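For my numbering, add 3 to where a residue sits in the sequence shown, where the first one is 1.
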Amino acid sequence: MKTNVIFTLLTLSSLLTVASCSSSQQFQTKQEYKLDRVVYDIDDDQIRDVLKARKTETAFKRGQSLDIKTFEKERKRIERVVKQEVDPAFDKKYITFQIDTTLADQRYSIETTVRRNKQ
């Protein structure tokens, strides 16, 4: 008998909780992905050397959350560095990012590709 009372109370409690929720409320489970690693695919030796020498300036930091603003900032940084030190005609359209979120434990990796605009 005691077991039935406890079960009934738990069921009633669950029903009250569900009944008190508004149907217009949405529950979102935000999955926070953290940066694990960044790899570079750069087809030009000059650009590769310059970016490697200035890698501490990157906008990407290990453990940071996935945020589009970080990618925009990094694209601007790469464009600026390449224009200043290698090719004044360089265009940011030659910088792409590929994000892999299939890593374990809510982690992601980035492959940054930089191509030199050939004329």
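All residues carry an ideal CB built from backbone N, CA and C; glycine is no exception. Note that the structure is predicted; figures quoted are calculated from it, not measured.
Which class does residue i belong to by DSSP, given the choice of helix, strand or coil?
| i | result |
| --- | --- |
| K55 | helix |
| E35 | coil |
| F93 | coil |
| T105 | coil |
From the DSSP secondary-structure annotation, give me the bridge partner or partners of residue i.
| i | result |
| --- | --- |
| D44 | T116 |
| T61 | DSSP, once it has assigned bridges, lists no residue as partnering T61. |
| R110 | K37 |
| I81 | For I81, which the question treats as bridged, DSSP gives no partner whatsoever. |
| T99 | T116 |
Using a 10 Å radius around the Cβ and a threshold of 16 neighbouring Cβ atoms, would you call residue i buried or exposed?
| i | result |
| --- | --- |
| I45 | buried |
| D108 | exposed |
| L106 | exposed |
| D103 | exposed |
| E77 | buried |
| K79 | exposed |
| T115 | buried |
| D48 | exposed |
Are residue i and residue j closer than 8 Å when you measure CB to CB?
| i | j | result |
| --- | --- | --- |
| K58 | R110 | no |
| V117 | I71 | no |
| V84 | V42 | no |
For this session: Check whether the stretch 56 to 67 touches the stretch 92 to 99, taking contact to mean three or more Cβ pairs, one atom from each stretch, closer than 8 Å.
Result: no
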